[in-house]
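These protein sequence lines are chains A and B, in that order.
Every letter in the first sequence is one number past the one before it in the numbering used here, and letter 138, counting from 1, is 138.
Quick note: to get the numbering used here, add 391 to the position in the second sequence (first position is 1).
In this text, a Cβ means the ideal position worked out from N, Cα and C, and glycines have one as well.
Small disclaimer: the values here were computed from a predicted structure and weren't measured.
Read the structure below first, then the notes.
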Amino acid sequence: MPSVSDRAAPAHVDGEAPGRSRFDLTIVGGKVVLAVVLGALVLAFPMMATDAFILSVGVVIASYAAFAVGWNFVGGFTGYISLGHAAYTGLGGYGTALLVLELDLNPWVALVAAAVLVALLAVPIGIASLRVRGASFVIVSIALVLILLLVAQSWASLTGGAQGLRVPRPFGPDVLRPEQHERFFYLNVALVAVALAVWWFIDRSRFGTGLKAIREDEDKAQALGVPTGAYKLAVFVISAFFTALAGGMYALWFGYLDPIFQFSILIGSYMVLMSLLGGIRSLFGPVLGAVVVGYSLEFFKVHYGDSQFHLVALGLLLALVVMFMPDGVIPAIGALVDRFRPQRSSIREMTAEELLAHNASIDDKSAGTATATDDERDLATVPPRSGKDLR
Amino acid sequence: MSGSLLLQTLILGVLLGGLYALLAAGLTLYFGVMRVVMIAHSAFLILAAYLAWFFHQQTGLDPLLSLAVTVPLFFVVGYLMQRGLISRLRPATLTMMSVLLTFAIALAIEGMLGFLFTSTQRRIQLGYSGSSIEFFGARIAVVKLIAFGLAAAALVALFLLLKMTRFGQALRATIQHPEAARLLGVNTDRIAGFGFGLGLATAAIGGTALALDSTIYPSLHWHWIGPLMAIIVVGGLGSIPGAAAAALLLGVTQSLLQLPLGTTWAQTVFYVALFATLLVRPQGFFGGRLAQRF
Numbered sequence: 001m002p003s004v005s006d007r008a009a010p011a012h013v014d015g016e017a018p019g020r021s022r023f024d025l026t027i028v029g030g031k032v033v034l035a036v037v038l039g040a041l042v043l044a045f046p047m048m049a050t051d052a053f054i055l056s057v058g059v060v061i062a063s064y065a066a067f068a069v070g071w072n073f074v075g076g077f078t079g080y081i082s083l084g085h086a087a088y089t090g091l092g093g094y095g096t097a098l099l100v101l102e103l104d105l106n107p108w109v110a111l112v113a114a115a116v117l118v119a120l121l122a123v124p125i126g127i128a129s130l131r132v133r134g135a136s137f138v139i140v141s142i143a144l145v146l147i148l149l150l151v152a153q154s155w156a157s158l159t160g161g162a163q164g165l166r167v168p169r170p171f172g173p174d175v176l177r178p179e180q181h182e183r184f185f186y187l188n189v190a191l192v193a194v195a196l197a198v199w200w201f202i203d204r205s206r207f208g209t210g211l212k213a214i215r216e217d218e219d220k221a222q223a224l225g226v227p228t229g230a231y232k233l234a235v236f237v238i239s240a241f242f243t244a245l246a247g248g249m250y251a252l253w254f255g256y257l258d259p260i261f262q263f264s265i266l267i268g269s270y271m272v273l274m275s276l277l278g279g280i281r282s283l284f285g286p287v288l289g290a291v292v293v294g295y296s297l298e299f300f301k302v303h304y305g306d307s308q309f310h311l312v313a314l315g316l317l318l319a320l321v322v323m324f325m326p327d328g329v330i331p332a333i334g335a336l337v338d339r340f341r342p343q344r345s346s347i348r349e350m351t352a353e354e355l356l357a358h359n360a361s362i363d364d365k366s367a368g369t370a371t372a373t374d375d376e377r378d379l380a381t382v383p384p385r386s387g388k389d390l391r
Numbered sequence: 392m393s394g395s396l397l398l399q400t401l402i403l404g405v406l407l408g409g410l411y412a413l414l415a416a417g418l419t420l421y422f423g424v425m426r427v428v429m430i431a432h433s434a435f436l437i438l439a440a441y442l443a444w445f446f447h448q449q450t451g452l453d454p455l456l457s458l459a460v461t462v463p464l465f466f467v468v469g470y471l472m473q474r475g476l477i478s479r480l481r482p483a484t485l486t487m488m489s490v491l492l493t494f495a496i497a498l499a500i501e502g503m504l505g506f507l508f509t510s511t512q513r514r515i516q517l518g519y520s521g522s523s524i525e526f527f528g529a530r531i532a533v534v535k536l537i538a539f540g541l542a543a544a545a546l547v548a549l550f551l552l553l554k555m556t557r558f559g560q561a562l563r564a565t566i567q568h569p570e571a572a573r574l575l576g577v578n579t580d581r582i583a584g585f586g587f588g589l590g591l592a593t594a595a596i597g598g599t600a601l602a603l604d605s606t607i608y609p610s611l612h613w614h615w616i617g618p619l620m621a622i623i624v625v626g627g628l629g630s631i632p633g634a635a636a637a638a639l640l641l642g643v644t645q646s647l648l649q650l651p652l653g654t655t656w657a658q659t660v661f662y663v664a665l666f667a668t669l670l671v672r673p674q675g676f677f678g679g680r681l682a683q684r685f
């Protein structure tokens, strides 16, 4: 995955209030305004939607966003690209439906219970598949979906097989279709918000730092004492949990499960595409990607109908992102903004002497007080190329 | 269970394993030269099968003759794909991004096939499609024998090419140690492109063999990619003999399991083998040093 030498270094400038230029303040202000406006737009969307169809597209996009954010726990932090996360949305969906149908549970209890069960199931799967890296991991993730597809199709007495499974609606019959869409839209948005909060929290924790170290160089991280196996497994389980919640929510909304669509590699590849397009290292990357990809998918379905052409479009889009924008849109915008940053006269922010002095001062500090924060230690090891964070 | 049924199943397993072995050899080649896991391999396989079907449909000639077009064509496509796309990815993230890139190519191929030929199931009907040979009470369809013969011939040719020719030597050198090969005057970039072309040519041959005796449809490649990936992981990424051995073993096991379990559940043997391999020996049973990190 992205290497150490990438420009978007994870170390953050937040929290170093002195030394912040007016430019930075403007950017922060802009971000806040943007966040408020976008948040208001999202919340007001059901009011603005002109008809039930537009509203249902909104629900689909919101649930894609939930899928993508769930995926990004593994993909973004550890750089392990899973093409098979449809396994967890599918299991979440089937788990929820079966708990409602067989055990007569309350749908919302069933949703959470199914997600917990999927998280438990993800433990052995994670132990097996996280033993390998890179391409083998991708293979295993694809294999997982294919197995589950086989099982769901063959085990017809439980899953209904190719006949599909009808999921009872969680709201009573008096709640009409558009109102259902509206409620599920807000539920999905809430799920995305919770998942993003957890992501943000992990991003700033020691756990998150360890995970990002794994992403940059797993062997070095291990050598430095990061418990790589346990960390990867933990984040894998968290990811499975949130993805399963999103899948269960989708099942409750859609009301019908078919193995071909639940355990489909396509769904998994949507998640990858959305996250990569938005930027797997940024908090809102997957959400942005979900909006773009979800909208274009619906657009294609409306305009080209059932033809297979949407596969070509998806393939081309994925290829373009991989070839030309593997870091995603948000880092690209960040880089664009950085170009307008004043006082950036040279490519390299620090001369070698300055860097030496800087490192020496950090060494002094950590030698004097043993309480240097993680961030400082991180900074000390950042090579000069990503020196923009060292100011 | 009668002995002849068992024998028949065993033979069918070996015949299927031969095709698996050829395709897995192609995947191993890509992995060897570029450390790339080519998800689109089976999509190209289905593409070749469609080309064979289309050729037969249009001309009425034997689909085997389409090999004269598809093999060179796929070789060139493979070369161009390596030079134009794969080698342009960032080295640091090559392994992961190439998986996504080839996955995207697979989607595009599936979409194009569905777009051009619709998702109707297609089958080639030949004069000898229905005929079969008796062999100690086991009935083996002639088309399956032809498919196996094709796969075996291609594998032998590939083996001879790699072992006997200067080009094969250069290719193996590139796989073993690219820097050293470059120092000795091998143009590793070009050789890697040719390696890719060779790999894709195996898909052309395999696809034609597949078109002879099975029904094809655009999304069929998903049914192939899983088993093939399992085979190269079990065999150990990067080892052609390992891939061939795993292919034969798993092909025969799948055939034998079809008797008690039925076709669908028998497929799971690949995935069971895949997960068992990862738990016991993640680098595969035949792979060496190469496979460790991938």
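In the same chain as Val643/B, and ignoring 5 residues on each side of it, the C-beta atoms closer than 7 Å to its own belong to Leu401, Gly404, Val405, Gly408, in chain order. Using a Cβ-Cβ cut-off of 7 Å, Arg281/A does not count as an interface residue toward chain B, since no Cβ of chain B sits closer than that to its own. The beta carbon of Thr659/B sits closer than 7 Å to some beta carbon of chain A.
Rounded to whole angstroms, the gap between the alpha carbons of Gly134/A and Gly423/B is 15 Å. Residue state for Ala244/A is assigned as helix, using DSSP reduced to three classes. By the rule that beta-carbons nearer than 7 Å mark a contact, Phe324/A does not touch chain B.
Counting only runs that start and end inside the region 14-48 of chain A, the alpha helix (DSSP H) elements of at least 4 residues fall at 22-48. A distance below 7 Å separates the beta carbons of Phe185/A and Pro46/A. Membership of Ile531/B in any alpha helix (DSSP H) is not indicated; the residue belongs instead to the beta strand (DSSP E) covering 529-532. For Ile430/B, the three-state secondary structure derived from DSSP is coil. 7 Å or more divides the Cβ of Ala223/A from the Cβ of Val118/A. Taking 7 Å as the Cβ-Cβ cut-off, the region 251-264 of chain A has no residue approaching chain B. Within the model, the alpha-carbon separation for Gly289/A versus Val321/A is close to 11 Å. Scanning the region 195-219 of chain A for uninterrupted alpha helix (DSSP H) segments of 4 residues or longer gives 206-216, listed from N- to C-terminal end. For Ala332/A, none of the residues of chain B pass the 7 Å Cβ criterion, the least Cβ distance being about 15 Å. With respect to the 7 Å criterion, Leu105/A and Leu111/A are not classified as neighbours on the basis of their beta carbons. Only residues of its own chain outside the window of five on either side were considered, and among them Ser395, Leu398, Gln399, Ile402 have a CB closer than 7 Å to the CB of Ala529/B, listed in chain order.
C-alpha of Phe299/A to C-alpha of Ser275/A: approximately 19 Å in a straight line. Remark: C-beta atoms of Ile623/B and Ala636/B do not approach each other more closely than 7 Å. In the DSSP annotation of this structure, the continuous segment of the alpha helix (DSSP H) that includes Asp604/B starts and ends at 579-604.
For the C-beta of Leu211/A, not a single chain B residue is nearer than 8 Å; the gap to the nearest is close to 16 Å. Chain B has no Cβ within less than 7 Å of the Cβ of Gly172/A.
Arg166/A is bridged by DSSP to Tyr256/A.
Cα atoms of Met325/A and Ala600/B: separation of roughly 39 Å, rounded to the nearest angstrom.
For Gly134/A, the nearest beta carbon of chain B is closer than 7 Å to its own beta carbon. Residues of the region 399-431 of chain B that bring their beta carbon within less than 9 Å of a beta carbon in chain A comprise Phe422, Arg426, Val427, Val428, Ile430, in sequence order. No residue range can be given for Pro609/B, since it is assigned to no alpha helix (DSSP H) and is classified by DSSP as neither H nor E. Scanning its chain for C-beta atoms nearer than 7 Å, with the 5 sequence neighbours on each side dropped, one finds around Gly93/A the residues Gly247, Gly248, Tyr250, Ala251, Leu257, Gln262, in chain order. Residue-level contact check: Val468/B does not touch chain A, since none of the beta carbons of chain A fall below 7 Å from its beta carbon. No Cβ-Cβ contact shorter than 7 Å links Ala542/B with Leu418/B.
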